[in-house]
Structure formats: structure tokens, C-alpha cells
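Below is one structure, written out as C-alpha cells; comments come after it.
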Amino acid sequence: MAKEKIPRQPMPEQAPEDRARNFEEVPYGYSEEIAILEASRCLKCKKPRCVLGCPVNVDIPGFIAFVQEGKFIEAAWKLKEQNTLPAVCGRVCPQEEQCEKLCVLGVKGEPVAVGRLERFVADYERNSGKIKVPQIAAKTGKRAAVVGAGPAGLTVAGDLIKLGHEVTVFEALQQPGGVLTYGIPEFRLPKAIVQAEVDYLKKLGIEFVMDFVVGRNSTIRELLDDEGYEAVFVGSGAGLPSFMRIPGENLVGVYSANEYLTRSNLMKAYLFPKYDTPPIKRERVAVIGGGNVAMDSARTALRLGGDVTIVYRRAREQMPGRDEEIHHAEEEGVKFKLLNNPIRIIGDDRHRVVAMECIKMELGEPDDSGRRRPVPIEGSEFTMELDTVIVAIGNKPNPLIPQTMPELEMTKWGTIVVDDNTMQTSVPGVFAGGDIVSGAATVILAMGQGRIAAAAMNDYLAKK
Amino acid sequence: MKLTIDGQSVTAEEGQTVLECALENDISIPHLCMHSSLSPFGACRLCVVEIEGMRGYPTSCTTPAAEAMVVRTDTEALQNLRRNILALMMLEHPSACLVCGRRELCEQYRPEAERAGSTTGCHTCNNKEVCEVRVLADDLGLTELPVPPVYHERPVERSEPFMDRDLNLCILCGRCVRICKYHQGKSVIDFVGRGSETRIGQAFGHSLLEAGCQFCGSCVDVCPTGSLADRYAKWYGKPDIVTESTCIFCDQACALALGAGDGKLVAAQAVNESVPVCVLGRFAIPEFLNGNDRLGVPLVRAGEVLRQVEWEEALETTVTKLSEFVGDSFVLVCDTTSTLEDRHIFKKFTSEVMKSKNYVEIEPDAQGVSRGSLPKGTKAALLTGSFVDPAELEQLEFLIVQDCYPTPASGRADVVLPAAVFAEIEGTILDRSGQKRPLRKACEPPGLAKPEWWIICRLAKAMGAKGFGYESADAIAREAGIPDAKLWVDRPDAPPAATNLELRRTYFRGHQIDEKVRGLRELPVDDSCAFEVTAEKPEGAFRILEKREIAPNVHEIIIAAPEVAKKALPGQFIILMVDEKSERVPYTLSGWDAEKGTITLVVLEKGQSSRKLVLLNVNDKLAHVVGPLGVPLEIENYGTVVLAAGCYGIAAIAPIAEAMKNAGNRVIAISEARSHYLHYYQDKLQSVCDEFVQTTIDGSMGTRGHAIDALTQKLNDGEKIDRVIAVGCPFMMMVTAQETKPYGVKTLAALNPIMLDGTGMCGACRVTVGDQMKFACVDGPFFDAHLIDWDELRDRRAAYSAEEIHSLGRTESVASGKSGQRKCRCTH
């Protein structure tokens with residue numbers, strides 16, 4: 000009973016008014032004392048429900064028990080048995096929807112802060128410099144290729160190398176990490192952490208080939224037939240931004256969230272002119288959309304000195320972004336114009352954005368997604384003066400690989416068809432996972448699919 | 000005396016020339032070598048006139064006005080003569096744009112000059128907006144050149160501090176030579192060589208520095224062409240507004256004309272052209288004020304770090320803490336580079352609000368160094384610069400730094416207040432003779448920085464003090480009895496540092512000016528330490544195997560990139576990063592060799608990223624090369640295919656021509672250039688194509704005009720053309736599209752918008768084609784040219800012009816490779 004009296008430990012973080020002006024990470028993380036205290040809240044259930052909520056099946060009570068004993072390195076070790084990127088997951092996983100949602104403590108009170116503990120443990124190991132390289136199974140002599148160095152690809156690569164296979168990861172951009180590098184901002188996921196996780200994978204023996212576009216430099220067919228790879232995992236992501244198809248979307252000052260975030264995160268435009276890529280530093284910014292990417296864009300724009308408004312066509316309850324992200328954005332001073340839909344972007348004679356026309360919406364009957372469908376209110380049009388519009392309404396799968404592999408079966412949404420149990424595609428030896436399969440989802444789901452794919456690929460390679 | 004010019008009776012003074020007299024009476028006579036601050040020279044001969052009773056055509060600039068003289072300035076014969084003189088002059092100047100038939104359309108489509116490495120026409124010339132030659136060509140109706148022009152292929156000189164010199168643009172008017180002799184009393188520069196090899200230079204091949212140049216910049220100011228340029232200011236164009244103010248880098252108080260664009264200071268020069276200013280006044284001010292690390296946001300200490308806050312919070316924090324130190328434990332330290340108004344407020348604040356007698360005002364020494372120390376018992380201090388030994392600051396309980404740049408002092412301060420300085424403020428300063436001189440606001444301070452009186456008055460008010468409600472520096476001047484000050488425009492001689500640059504000050508408020516202004520680091524000072532400037536070396540795995548300038552400003556670069564070479568197809572491109580901090584920039588593949596594993600790029604130096612690329616050398620490595628990207632061009636047997644190409648496109652069509660030919664097409668290549676010397680790859684194209692046509696804008700080789708002019712000629716002749724493919728700058732492709740449209744010929748253009756990833760991920764390269772949104776990287780680069788929104792493409796390509804100029808201003812002299820070790824007296 001005593002255990003329940005300890006409240007869930009908050010994580011100290013930068014004050015909103017400070018962090019709204021810098022790119023430093025928002026939370027500072029737990030101290031050792033707080034971590035032990037929080038870990039002591041865990042009931043160590045015999046049949047832990049939390050594990051069921053984890054897409055990569057981390058032994059949650061197991062690692063938390065080590066934390067409680069102050070054995071942080073051992074805790075990290077436990078964590079890494081199942082999770083290739085714990086420092087990343089501790090930061091960007093929606094734990095409230097997964098492990099923490101199922102925690103027994105959550106029924107009456109607040110669940111154990113699994114995510115914060117995961118983050119603490121991973122950071123502890125990295126900062127200690129005592130990063131252990133796990134036992135690697137005997138070399139199988141089999142070669143696997145991974146297309147895309149994002150969360151799904153890195154997970155597959157990490158699992159396969161441990162099973163003794165040779166793994167090459169092909170990445171189109173100049174740095175590995177996929178969305179972790181180009182999409183999620185520094186203040187939410189410091190790039191040094193992504194780099195450290197990748198360095199760890201390199202230490203395991205994974206070969207990374209940057210600046211290599213599968214579909215252009217080699218097709219998957221060529222990887223299989225000519226270049227000696229026996230299995231290929233496709234984790235090429237949802238890299239094709241959606242636009243609203245309204246007038247004015249090609250004006251100077253209209254950006255896809257992908258472009259906006261890539262400039263800032265991958266190209267380090269916020270450090271211009273130390274880096275050559277110019278930032279988008281403007282006064283009045285509207286971000287269209289209500290997801291995590293919209294929040295990331297809005298908070299980046301804020302840090303670049305903008306006055307930022309989120310424009311979303313449904314209500315707050317329907318916003319797909321994590322509560323924590325929406326809350327952070329609000330705290331930092333992002334404004335919200337909910338139940339509003341843009342209908343036209345207006346430019347000047349040099350094609351620069353000067354305003355956006357919107358229409359007010361109300362909620363009607365539920366649609367396919369179960370959310371109440373927004374309906375325009377006739378005659379409620381109004382104009383917002385702006386110089387920047389960031390469109391964050393989602394991504395479609397990047398078509399480059401399907402285009403260059405016609406035998407690959409695709410859905411009508413442009414995603415790759417896979418067997419859910421193995422992540423194998425219609426082409427034997429070709430597996431897929433992450434956003435190229437699920438459309439646009441989360442980092443951890445992509446990693447979960449990577450886990451499944453890696454296991455199936457291991458079986459497949461064993462039989463070859 | 001009285002004389003008649005063009006039938007108008009005018010009066011002249013003794014010693015005036017006919018030209019001076021005419022200009023004074025608003026009668027314009029074309030002239031070029033004459034300049035108001037120089038004695039007559041009679042070199043260009045454009046100012047010829049007819050004078051009754053005199054034989055031939057005397058030059059009005061050298062002919063003294065005389066009683067009862069009858070002068071004609073505007074006869075047909077004179078205009079013809081002048082036009083011929085100008086045409087001859089234009090034979091050694093990149094003058095094709097002056098005689099271009101599409102000049103108006105071009106200038107409408109791209110009003111701003113493009114930022115090329117070397118200038119081969121008006122639209123890539125930094126002097127475009129203020130060019131005197133362009134005005135003359137318009138006035139005289141110059142439309143063609145008598146014979147093909149000559150291009151001397153002189154390397155652009157950009158390794159000297161502050162100035163770029165492109166002698167390919169020089170028309171030998173001699174203004175620079177004369178102003179230099181006039182201002183410096185000796186010829187640092189002069190005419191060198193003879194006959195057609197005559198050029199401006201230094202004797203014995205010396206550098207400007209070795210020849211004794213003082214960098215007063217007068218030569219740049221008088222140059223009528225883009226031949227001599229201020230490296231920092233050159234791409235900003237004509238300032239929006241010029242304000243006359245006073246230099247405060249030293250106590251000479253020279254009057255300066257400060258030019259600002261978009262609120263930012265971009266240029267400075269002497270108000271009085273006949274008296275030069277020193278290197279600091281002429282070249283250092285914009286770079287100093289526009290430094291990247293200028294303090295622009297108030298900072299308040301939170302533990303180990305300083306955090307950015309709004310003014311309100313900064314003032315509140317300061318006041319709360321400061322009120323603990325009322326009395327003599329407080330000290331305010333400033334130096335006399337602060338205005339009289341600011342100092343009045345500093346003093347008043349110290350005595351009336353802080354009730355302290357410790358107001359310390361330091362007089363800088365000859366180098367500009369202001370050193371002071373804190374009185375014994377000081378617990379709190381407000382410093383307006385880096386004046387005090389950092390060790391002394393350790394003992395303080397509260398430190399406020401109000402400054403323009405971060406310093407060791409601001410690093411350990413409790414509060415940092417960003418100050419507007421120099422050209423960003425109004426006020427009055429005292430010069431060395433005790434005269435008062437005005438400072439006038441010429442540009443905006445960075446970020447939230449504020450004038451110092453404003454900051455201190457706000458502090459005083461927040462502490463409840465009365466009598467600090469000033470609205471302006473003027474109001475303070477009235478209270479303090481500071482009279483109206485006058486600019487020192489008519490100073491009889493140059494300041495000492497203008498003729499001996501070693502006498503210049505090197506510090507301003509404790510900041511080493513050299514540290515902020517690159518060019519200064521290459522100038523001599525005395526010798527206590529080596530201040531190292533290390534140019535970053537690119538790293539990466541893609542080596543440059545060969546590199547040469549195949550035409551002015553056009554560079555052919557061969558790079559080892561086997562993965563690209565293996566798969567490249569005609570029409571594809573790559574994305575390249577020179578180093579890890581570079582932009583990702585697309586370049587069209589002009590050739591590849593799968594066996595050798597090499598690719599060939601033909602790159603025009605235009606803007607920051609291409610500049611970084613072409614300044615590399617053989618064996619340097621590029622950080623990243625990714626490709627081939629883009630949809631390859633569809634190659635089929637169409638019948639007759641015309642490949643129209645300009646600038647980099649001339650190289651880009653070479654592989655296309657070969658593929659089209661192999662597919663059975665009759666291939667006609669049309670290569671366009673402004674002048675004959677800009678053509679390249681001609682033999683290659685000639686050998687591949689069935690027909691090869693050259694065009695030049697100035698008519699110096701092949702058909703006169705653009706590629707489209709040769710093409711329409713064919714279409715008008717009834718030649719059957721099945722497909723046109725245009726590769727070149729957007730203007731060239733737009734013109735081609737517009738003019739093939741009436742003929743109904745299928746025309747494709749290769750688009751080149753700004754890209755990031757090049758794989759469809761970001762959508763930066765969106766273009767509108769037939770009302771549809773397309774991504775140039777994955778849907779293109781080739782699109783139906785008749786459906787492209789060309790104006791949108793132009794504006795999207797120009798989205799970052801302003802930022803680019805800022806980058807260019809910063810990186811150019813690093814690129815010169817000259818910034819090496821030097822001596823200075825700093826503490827580095």
C-alpha cells in the first residue's frame with residue numbers, strides 16, 4: 000500500500016518562456032534519485048500488462064526493477080534486449096497510448112512513468128560511456144539489405160546483425176536516422192542522441208551507405224539478383240508530402256512540413272549562416288494540421304522568431320497529436336484556430352504569401368475514422384494576414400521504390416501490401432515496414448514492424 | 000564671360016571648361032573619364048563638341064570656356080562620333096547585353112543582378128543598377144558593335160582585402176589611376192602594359208598591399224563600370240536610402256555617407272569625394288554592424304547559462320538586484336565613443352538614481368583601447384564595453400554588461416543588455432579638436448537592441464526615478480545644452496589613417512574590430528601574437544579529378560562518383576554538398592563514364608553554393624554526391640529534334656544529343672551565348688549533331704540573337720521540327736517556350752528550382768505545369784514548356800536572395816584563400 004502513496008514523478012523541464020526561444024531539449028530528464036523513486040512505484044505484476052502494450056515487447060518490469068536497485072547499466076542492458084533505440088523511444092513514443100495506458104496503477108491513479116525511466120536509463124548508459132556491445136551470434140554468411148536508415152530500418156538492421164547476418168543499410172540523405180534526423184526537431188530529440196544510437200549500431204558491425212537512392216542507384220531487384228543480398232527490408236518511409244489542393248499552394252512562403260523541418264533539422268538552417276541553408280525566418284506563420292508534425296513545425300517556427308497559429312479544421316478533441324505535444328506548443332505561445340479550414344492562399348505580385356482565406360467549420364456526423372466530420376459554415380469566410388504557411392496535413396508513401404519494382408503489390412493508397420505476421424511483401428525475400436506499409440504512423444510502430452520483419456527475415460535467411 | 004551652348008546664352012567663370020559650364024547649365028554632354036573630383040584628362044573623348052572657329056571635334060572636358068564661344072553639343076555628326084567611340088570602347092567590355100534585342104524583356108523578368116563569379120553581361124554585374132556605361136549606351140542609341148568584341152580572360156582578382164577587381168570589364172577610363180594618385184600622392188595603381196595589353200595594375204606584379212595601397216576605396220567609388228567592387232557591398236545593389244553621419248571608430252569624426260537596404264547597413268563612403276576616409280570608414284562599418292554574433296536579445300543569468308528574455312523581464316531583474324547596491328558600491332564604466340547624450344544619461348543615472356560618485360569615463364588610446372579599473376569596494380557594475388580586466392570582475396556581486404558584442408565580461412554577467420551603436424543611433428560626439436559632430440541613424444539595430452540612453456532611462460524609471468522621460472536623444476541634448484552639431488564635410492585634408500593605414504584604430508569599446516571584419520586581418524599592424532584564421536577544409540569521399548574554366552565563369556568539373564556514373568541517363572541530375580554545412584544543390588549531369596566511375600558537371604559560378612564548389616581544387620573532396628536523380632528524358636525516334644541550349648545547358652545537351660541521334664533522330668543543336676568567347680563544347684556538339692547552329696546576342700559569331708531566333712528562322716522557312724528541348728536559364732527557356740508556342744511544336748524544358756532532398760520528400764521544388772502541382776525532382780526535370788508558370792518559377796528560385804547575399808558577404812574572402820596567419824596585438 001505504501002507504494003501507491005508516492006506520486007508519479009514529474010520530469011523537470013525548461014520554462015516555456017525560455018525554451019520558446021532556443022533549440023535546446025525541453026525536458027532535462029530524471030535525476031538518479033527521482034528515477035529510483037519512480038521505479039519504486041512499479042508493482043512488478045506477475046502478468047505485466049504494460050509489456051502487452053509495447054510494440055517491441057520490452058521487459059518493462061525487468062528493467063524497472065534494476066532501476067529501483069540503482070543498477071542503471073543493467074537496466075539499460077535489459078532494455079536493449081528488445082529495443083534498438085531506447086534513448087529515442089523514451090522521448091518520442093506515445094507511452095500514454097501503449098505501455099502506460101495498460102499499467103495497473105493507472106486504473107485508480109497515475110501509471111508508472113515508463114517512458115521517462117526508459118529515457119533516463121538510456122541516457123545514463125550513453126553518458127557513462129560504458130556502452131556494452133551485445134553478444135553477436137555466429138556469422139551466418141547471409142547478407143541482408145535495409146533500405147532507409149529510419150526507425151524501422153535501424154531496428155531491422157540491429158536485430159539482424161545480432162543474429163549473425165551481414166547487414167548493409169542504404170540511405171538517400173547525407174545522414175542516417177530518417178525522420179528522427181530530418182523530421183523531429185532538436186528540442187524534442189537532440190541529434191546527438193540519434194547519432195549515438197547510430198554509432199552503437201555501427202559498432203555492432205552494420206555497414207551504412209549514405210547518399211544511395213534505392214530505385215535509382217540500384218533497384219531492389221538488382222540488390223537481390225546482382226549484388227548478392229538474399230533478403231531486403233524496405234523502410235523507405237512516407238516521404239511524399241500531401242498538399243491541400245487549394246489555390247496559392249505554390250507561393251513563396253508556403254512549405255510542406257517536411258521541407259520546413261528538413262531545412263531546420265537536417266540542414267541546420269536555424270544555425271544559418273554557420274550552415275549555408277537559409278532558414279525560413281518570418282513574422283506571421285500559420286501551420287495547417289493538428290498532428291505531431293504540425294506541433295513540431297509550429298514550435299520550430301516559434302523558435303525562429305515567428306508569431307505562430309495552428310489552423311485545424313476539427314476541434315481540439317479530434318487533434319491527432321499527442322496531448323503532451325499540443326500542451327507544450329500551447330505553453331510556449333502557439334495560438335490555435337480550431338474548426339477553421341483554409342480555402343485559398345493569397346500572394347503579391349512576386350508570388351509571396353501575404354494572406355490566407357479560411358472558412359469556419361462545425362462538427363457534423365462521424366466519418367469513416369469515427370471522428371465527427373467538419374462541415375463548412377457558409378458565409379463564414381475570413382482572411383488572416385500571413386507571410387508563411389506550413390502545410391502539415393500528412394504524407395503519402397514515397398513512390399520511388401514501387402515505381403522501380405512493378406511486381407511489388409501495392410494498396411490503392413500507395414502503401415506496400417505485406418503479411419502482417421511476417422511483414423513479407425508479395426515478392427519473396429522482400430520485406431517492408433514503417434510508413435511505407437502503414438501510411439503515416441509513429442516511430443515505435445515502425446520499430447515494432449521492424450522487429451517482426453527481422454524475425455521473419457531471420458527465418459527466411461535460415462531456409463535459403 | 001558669356002558664351003553660347005546649343006543656342007543658349009550662358010555664363011562661365013575664368014578657368015572653367017566647356018563641359019563644366021555646360022553641366023552647370025543643365026546641358027548634358029556625354030562623358031565618362033571626367034569625374035567631379037578629378038582634373039580633366041581627355042581620355043575617353045565622349046565629350047567631344049563642335050566649336051565655331053575650331054577645327055575638328057575638341058573634347059569639352061579639356062577645352063577652357065572662352066568669351067563669345069559658340070558651342071554645339073548635339074549634332075548628328077557628334078552623336079555618330081560618340082556612338083562609334085563608345086562602340087569601340089565596348090569591344091573590350093562584356094557588352095552583349097547592351098545590344099541585346101530582348102534587353103527589356105530580360106530586365107523585366109530578372110530585375111536583380113545575378114551573383115556570378117565573373118561578369119559576362121549586365122545581368123550578372125554587381126554594378127548594373129548604377130552603371131554609367133549602360134546610361135551612355137541608352138542615350139547614344141548603341142545597338143550594335145562594329146566587329147566582334149575581345150575578351151582578355153583575365154582572372155578575376157579577389158584575393159586582395161575588401162576589393163574585387165575584374166579587369167575584363169575595365170574600359171581604361173583611368174579614373175581609378177588618377178584618383179589614387181590624387182588622394183595618395185603616389186600611384187599605387189597605374190596603367191600597366193602596352194597597346195591592346197594595357198591594363199590597370201600595380202608595378203612589378205605586386206599585390207595592392209605590397210604596392211602601398213591604403214584601402215581608402217576611392218578607386219571603387221569612381222569606377223564607372225563593375226570592374227572594381229566593394230566585396231561586401233557588391234551584391235546588395237543600390238542602397239534604398241543614404242544617410243550622412245559621422246564615423247565614430249576614431250575621434251577624427253569624418254563625415255560618411257551610409258547606405259542602407261532593407262534597414263541594414265550595406266555601404267559607407269566619404270561624403271566629400273575629394274577627401275578620402277580611412278579603411279575603417281570605407282570598408283569596416285557594415286561588416287562590423289552586421290556581425291552574426293551581435294547581441295540582439297536581452298539575457299538574464301539562470302545558473303550556468305544566460306537565457307534570452309524580453310526587455311521587460313531584463314529590466315525588472317536588473318532593477319530588483321540593482322536596488323541592493325544604491326550608493327558608492329555601484330560603478331558605471333563607459334568610454335568616450337558613447338555619445339554626449341548617452342554619457343549625460345549615464346552620469347545622471349549614476350549620481351541621481353544610484354547615488355554613487357563612481358561614474359568612470361575612459362578616453363581610448365591611439366589604438367582605440369579603453370582600459371579602466373573598478374574603484375575599491377565596488378560590488379555592482381554596469382559596463383558599456385569591454386574595458387575592465389575580467390579578473391577584476393570576479394569579485395563583483397552584480398554585473399550588468401550593456402554592449403554590442405559578447406565578450407568575456409558579458410559571459411560572466413548577470414544581465415546582458417543589447418545596445419544599438421554607431422549608425423544605428425542618433426546623438427552627438429566630440430572630435431579630437433573638441434568640435435561637436437552629429438550621429439544620425441542610418442540603419443536598424445539587430446533584434447531587440449536599443450539605444451543606450453533608452454536602456455538607462457528605462458532602468459531609472461523602473462527604479463522610480465523622475466526626470467528620465469526623454470523621447471529622443473534630441474530631448475537629452477536640449478536638457479544637457481548640447482548644441483546642434485555639423486558634419487565635418489569640408490575638412491581640408493584626409494584623416495591620418497587614410498594615408499597610413501597602420502594609424503587606424505583597431506579597437507572599438509574593447510572589441511577588436513579585426514575580429515569582426517575579415518579584410519582587416521590581412522592588413523599589417525604590429526606584432527605580438529599570431530591570429531590564425533583557418534579556412535575549413537571540405538571532407539568527404541567524392542574527389543575532384545579534373546577542373547578547368549572552359550569559358551568565363553563556366554567550370555567543367557570531373558568527379559569520382561561510380562554509383563552515379565553506373566546508372567546515369569540523359570537528362571538526369573545529381574545533388575551535391577561541398578561540405579557538411581553546405582546546401583544540397585542540384586546540378587545537371589553533363590557527362591559520365593561508367594567504366595571510369597566519373598561524372599562531369601558544368602557549373603556556372605552564381606551564388607553561394609556554386610561559388611564554394613568552383614573554388615575547390617583538384618583532389619579536394621566533396622562531402623556528398625547523390626544521384627542520378629530525376630526522370631530520364633524519354634528518348635525515341637521523333638523525327639527532327641532541336642536542342643536549344645544556353646549557359647550550363649550547352650553541356651547538358653551533349654549527352655541528350657548523342658542519345659537522340661542513336662535513337663535515329665535528325666538532331667539539330669542550337670548553342671546560344673552572349674558573345675563568341677562564351678561558347679564552349681562546340682566541337683563536341685558539332686561532331687554528334689546533324690546540324691549545329693551557334694547564336695550570339697551581340698552577333699559576334701553565328702546568328703545574332705538567342706537560340707530561339709535561329710529556331711524561328713527554321714520554322715519560318717517551313718522546316719519540319721518534331722520536338723524542341725530547351726536547357727538553360729529560366730529566361731532562355733521561357734523565351735523559347737513563348738516563341739515556339741504559336742508554331743505548335745512540342746517543347747520541353749528542364750526545370751531547375753531550389754531542391755532539398757531531390758527524392759520527392761520535401762516538395763521544395765514545386766512547379767506549376769498546366770495548373771497542376773508537380774515536383775521537379777521526381778516528376779521532372781523535363782516538363783511541357785508551354786504549360787509552365789515561368790513567373791512563379793522565377794520567384795520561387797529567388798526566395799532566398801537576401802539570405803544569399805549575406806552568405807556571400809561573409810564567405811568571399813575566406814574563399815580567396817589568402818586569409819592566413821597574420822600578426823596582431825590582440826590577446827588570442
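Protein chains in written order, with numbering that gives the first Met the number 0: chain V, 0 to 463; chain U, 0 to 827.
From the three backbone atoms N, C-alpha and C, an ideal C-beta is built for every residue, glycine too.
Host beta strand (DSSP E) of residue i (start-end)
i, result
"V/S379", "Taken as a continuous stretch (DSSP letters only), V/S379 belongs to no beta strand (DSSP E), as it is neither H nor E."
"U/I558", "553-559"
"U/G626", "623-628"
"V/E165", "165-169"
"U/K773", "771-774"
"V/V307", "306-311"
First and last residue of the uninterrupted alpha helix (DSSP H) at residue i
i, result
"U/N715", "706-715"
"U/D592", "Note, U/D592: premise wrong, no alpha helix (DSSP H); beta strand (DSSP E) at 584-592."
"U/R81", "75-88"
"U/T338", "Neither: U/T338 is in no alpha helix (DSSP H) and is coded neither H nor E."
"V/P401", "399-402"
"U/E312", "310-321"
Spatially closest choice to residue i from the options, by CA coordinates
i, options, result
"U/I455", "U/V692, U/C333, U/C99", "U/C333"
"U/I669", "U/E690, U/E657, U/I655", "U/E690"
"V/Y459", "V/M422, V/H350, V/E324, V/M243", "V/M422"
"U/E562", "U/R547, U/G626, U/A650, U/F282", "U/G626"
"U/H785", "U/Y150, U/D137, U/T767, U/I247", "U/T767"
"U/R133", "U/C99, U/Y108, U/S117", "U/C99"
"V/A156", "V/K201, V/V193, V/C92", "V/K201"
"U/W453", "U/P147, U/A472, U/Q681", "U/A472"
"U/Q571", "U/H554, U/V553, U/W591, U/K580", "U/W591"
"U/G367", "U/W310, U/P437, U/E501, U/F397", "U/E501"
"V/A137", "V/V120, V/E165, V/Y123", "V/E165"
Counted within 10 angstroms of its Cβ, other Cβ atoms place residue i as buried (16 or more) or exposed
i, result
"V/D322", "exposed"
"U/V488", "exposed"
"U/F467", "buried"
"U/F386", "buried"
"U/A484", "buried"
"U/G463", "exposed"
Simplified DSSP assignment, three categories, for residue i
i, result
"U/A64", "coil"
"U/L298", "strand"
"U/F421", "helix"
"U/Y506", "strand"
"U/T826", "A caution first: U/T826 carries a pLDDT of 35, below 50, which makes its placement in the model unreliable, though a value can still be read off. DSSP places U/T826 in coil when its eight states are reduced to three."
"U/D402", "strand"
"V/D322", "helix"
"V/M446", "helix"
"V/Y27", "coil"
"V/C357", "strand"
In the segment 186-223 of chain U, which residue ranges form an unbroken beta strand (DSSP E) of at least 3 residues, counting only runs that do not cross its ends? 189-191, 198-200
So within the segment 611-686 of chain U, which uninterrupted alpha helix (DSSP H) runs reach at least 4 residues, ignoring any that extend past its ends? 648-661
Where in the segment 109-167 of chain U do unbroken runs of the alpha helix (DSSP H), each at least 4 residues long, occur, reported from the N-terminal end onward? 131-139
Considering only residues of the segment 368-393 of chain U, which uninterrupted beta strand (DSSP E) runs meet the minimum length of 3 residues and lie entirely inside it, listed in chain order? 379-382
Enumerate, from N- to C-terminal direction, the unbroken beta strand (DSSP E) stretches of 3 or more residues contained entirely within the segment 97-158 of chain V. 142-146
Sequence ranges, beta strand (DSSP E) only - wholly within the segment 222-295 of chain V, length at least 3: 230-233, 253-255, 283-287
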